[in-house]
Amino acid sequence: QKEVEQNSGPLSVPEGAIASLNCTYSDRGSQSFFWYRQYSGKSPELIMSIYSNGDKEDGRFTAQLNKASQYVSLLIRDSQPSDSATYLCALNFGNEKLTFGTGTRLTIIP
Amino acid sequence: DTGVSQDPRHKITKRGQNVTFRCDPISEHNRLYWYRQTLGQGPEFLTYFQNEAQLEKSRLLSDRFSAERPKGSFSTLEIQRTEQGDSAMYLCASSLADREAFFGQGTRLTVV
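Top to bottom, those sequences are chains V and F. If you want the working numbering, it's the 1-based position in the first sequence plus 14. If you want the working numbering, it's the 1-based position in the second sequence plus 10.
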């Protein structure tokens with residue numbers, strides 16, 4: 015069973031601080047990694063994709079991938095109240111379906 | 011707007027009725043996914059298509075569920091003889107191969 019695991023939270027972070035979200039996975043053959051943001055009652059919105067080891071930065075967001083340790087993380091710098099949402103980690107285990115974790119609920123405290 | 015489109019956005023149905031949802035993917039995307047999401051859970055995979063071929067179906071997808079993607083364009087998901095446990099958000103997403111997948115706004119189903 016190929017799995018994606020996330021800490022469900024809630025994770026509370028003061029406004030302006032760095033929020034760190036983590037995801038581990040079970041299959042070393044995974045090729046594609048994604049982070050989605052989901053506001054309550056809305057559908058998931060893609061915020062980052064990463065395909066190779068290392069860091070990828072996009073604005074206040076940085077995705078970090080370590081295939082040897084089988085984890086992918088998302089850092090949110092200068093956290094804003096509008097970042098309060100559930101963050102979903104998703105992987106494509108090769109030429110297969112997209113598999114999601116259960117999500118981490120993030121709350122930014124003003 | 012050329013994003014993923016789902017219809018209807020909301021559906022309330024009586025137990026035992028059949029419902030059908032439609033998904034129009036981003037036009038150049040060859041993969042189309044259906045997921046179901048309940049409160050506090052991540053999206054659960056139901057099925058996916060590559061072009062018109064249905065490549066995988068979850069064990070969650072009972073005989074009451076059927077999905078089609080004629081001609082590799084839009085897709086429909088039908089639920090027959092709905093049960094209260096079918097109440098959920100049904101999400102459609104599309105992607106180009108195993109690249110980024112983009113979701114539609116979802117169809118919220120309530121079975122009463």
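The beta carbon of each residue, even a glycine, is placed where N, CA and C say it ideally should be.
Can you check whether the C-beta of residue i is within less than 8 Å of a C-beta belonging to chain F?
i, result
"Ser-46/V", "yes"
"Phe-114/V", "yes"
"Pro-24/V", "no"
"Ser-57/V", "yes"
"Lys-81/V", "no"
"Gly-73/V", "no"
"Ser-87/V", "no"
Along the beta strand (DSSP E) that carries residue i, what are the first and last residues, could you check?
i, result
"Asn-67/V", "Counting along the chain, Asn-67/V falls outside any beta strand (DSSP E), and DSSP gives it neither H nor E."
"Ile-122/V", "118 to 123"
"Ala-63/F", "63 to 67"
"Gln-20/V", "18 to 20"
Is the shortest distance between the beta-carbon of residue i and the beta-carbons of chain V less than 8 Å?
i, result
"Phe-113/F", "yes"
"Gln-64/F", "no"
"Tyr-58/F", "yes"
"Glu-38/F", "no"
Can you find the residues in the same chain that come closer than 7 Å, C-beta to C-beta, to residue i, ignoring five residues on each side of it along the sequence?
i, result
"Pro-28/V", "Ile-123"
"Leu-88/V", "Leu-35, Trp-49, Met-62, Phe-75, Ala-77 and Tyr-101"
"Glu-66/F", "Thr-57 and Tyr-58"
"Gln-7/V", "Since the first residue shown for chain V is 15 and the last is 124, residue 7/V is missing from the structure and cannot be characterised."
"Ala-31/V", "Ser-93"
"Leu-60/V", "Phe-48 and Tyr-50"
Less than 8 Å between the CB atoms is what I'm expecting for residue i and residue j, so what's the real figure, rounded?
i, j, result
"Asn-40/F", "Leu-106/F", "6 Å"
"Gly-116/F", "Thr-116/V", "Their Cβ separation, rounded to whole angstroms, is 18 Å, which puts Gly-116/F and Thr-116/V out of contact at 8 Å."
"Ser-68/F", "Ala-77/F", "Incorrect: roughly 11 Å between the Cβ atoms, too far for contact."
"Arg-25/F", "Gln-94/F", "6 Å"
Quick check on DSSP: helix, strand or coil for residue i?
i, result
"Pro-95/V", "helix"
"Pro-80/F", "helix"
"Gln-51/F", "coil"
"Asp-96/F", "helix"
Who are the near neighbours of residue i in its chain, counting only those whose CB is closer than 6 Å to its CB and skipping five residues on each side?
i, result
"Ser-44/V", "Leu-105 and Phe-107"
"Phe-159/V", "Missing from the structure shown is residue 159/V; chain V here goes from 15 to 124 and no further."
So, at 8 Å on beta carbons, what are the nonlocal neighbours of residue i in its own chain, with the 5 sequence-adjacent residues on each side left out?
i, result
"Ser-66/V", "Leu-79"
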